[in-house]
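Peer 1: Note that the sequence shown covers residues 7 to 109 in my numbering. Don't be surprised by glycine CBs; every beta carbon is placed ideally from N, CA and C. Dropping a structure here in structure tokens format, bear with me for questions.
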Amino acid sequence: MPPFPLCSTKCGKNAILKRPKTGDTLCKECFFLAFETEIHDTIVNGKLFKPGDKVAIGASGGKDSTVLAYVLKTLNERYKYGLDLFLLSIDEGITGNGTEMIA
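Set out below in structure tokens:
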């Protein structure tokens, strides 16, 4: 088995993935940084929020909403957006639809 390629950022670490969007091969740490930077740039360039905004994050308990909540919390603290973040979950009463994960 050939060795993993090196991270495209030249950090010296082995890459763990190749991004389809850019073709970059990235290590775990550089992927997290690139992912968070893209989200931050989208928030800033799109002027999505202003300080003091209350932002509800839809929480299903699945991986997508968990990552969204984590990243928004992290970026809010890192870049001092001044957002009031909270989770919002709606129990639709549908059994077997992930409701056991929300408790």
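#1: Under the three-state reduction of DSSP, which class applies to leucine 54: helix, strand or coil?
#2: Within 10 Å of its beta-carbon, does tyrosine 87 have 16 or more other beta-carbons around it, so buried, or fewer, so exposed?
#3: Going residue by residue through the stretch 11–64, where are the continuous alpha helix (DSSP H) segments of at least 4 residues, counting only ones entirely within it?
#4: Keeping to the same chain, check which residues put their C-beta closer than 7 Å to that of cysteine 36; ignore five residues upstream and five downstream.
#5: If you draw a straight line from the alpha carbon of aspartate 70 to that of glycine 64, how long is it in whole angstroms?
#6: Can you tell me whether DSSP reads leucine 89 as helix, strand or coil?
#7: Does the beta-carbon distance from leucine 74 to asparagine 82 come in below 8 Å?
Peer 2: Answer, in terms of the structure:
#1: coil
#2: buried
#3: 34–51
#4: Cys13, Thr15 and Cys17
#5: Rounded to whole angstroms, aspartate 70 to glycine 64 spans 10 Å at the Cα level.
#6: coil
#7: Cβ distance not < 8 Å, so leucine 74 and asparagine 82 don't count as in contact.
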